Amino acid sequence: MLKALPDVDRVDELGDMLAFRVAGTHATRTAYVYLYCNDLDTISYDLEDESVDNGEWDHAVNRGTTESLEELRQVVYLWLLGNCG
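Read in UniProt numbering, the sequence shown has 60 at position 60, and its numbers run on one by one without any break.
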């Protein structure tokens, strides 16, 4: 999945094969992408912003799922880079 997101940087500790966190040009924003789901065709993501105090422990402002790497790329790029890549 990381190969589908070449314009962002992985910013986690590289210890999990089923999840990763990436960052782009917005200093406070990250996207957490994970495969911890009952549906094997689903890719889940949390769009996080540490500058937003919304009561969520991880500062997630949006949580979603997709079945498409192309849709994941568009969502992540819009959140982290402000464009579709």
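All C-beta atoms in this analysis are idealised placements derived from N, C-alpha and C, irrespective of residue type, glycine included.
All figures in this text were calculated on a predicted structure; none of them were measured in a lab.
Note to self: Taking the beta strand (DSSP E) that Glu56 belongs to, which residues open and close that run?
What the structure shows: Taking the sequence shown and counting its residues from 1, one reaches residue 56 at position 56. Boundaries for Glu56: no beta strand (DSSP E) harbours it, and the DSSP string shows neither H nor E there.
Notebook entry, point to check: Taking C-beta to C-beta, are Glu48 and Thr30 nearer than 7 Å?
Noted result: Reading the sequence shown from its first residue, position 48 is the one you call residue 48. Reading the sequence shown from its first residue, position 30 is the one you call residue 30. Contact: yes.
Notebook entry, point to check: To the nearest whole angstrom, what separates the beta carbons of Asp53 and Tyr32, a pair I think is in contact under 8 Å?
Noted result: Here residue 53 corresponds to residue number 53 of the sequence shown, with the count starting at 1. Here residue 32 corresponds to residue number 32 of the sequence shown, with the count starting at 1. About 18 Å separates the beta carbon of Asp53 from that of Tyr32, a gap too long to meet the 8 Å contact definition.
Next item on the list: With Leu47 as the anchor, note down where its beta strand (DSSP E) starts and where it stops.
Entry: Here residue 47 corresponds to residue number 47 of the sequence shown, with the count starting at 1. Note, Leu47: beta strand (DSSP E), 43-49.
Next item on the list: Can you grab the Cα-Cα spacing for the pair Gly15 / Val8, in whole Å?
Entry: Counting from 1 along the sequence shown, the entry for residue 15 is found at position 15. Counting from 1 along the sequence shown, the entry for residue 8 is found at position 8. The straight-line gap from Cα to Cα measures roughly 18 Å.
Item checked: Arg63 classed as buried or exposed, judged by whether at least 16 other C-beta atoms fall within 10 angstroms -> In the sequence shown, the residue the question calls residue 63 occupies position 63. Arg63 is classed as exposed because its beta carbon has fewer than 16 other beta carbons within 10 Å across all chains shown.
Margin query: On a Cα-Cα basis, can you pick out the residue from Leu80, Glu70, Arg10, Cys37 that is closest to Ala4?
Written below: Here the question's residue 4 lines up with position 4 in the sequence shown. Minimum Cα distance to Ala4 is reached at Glu70.
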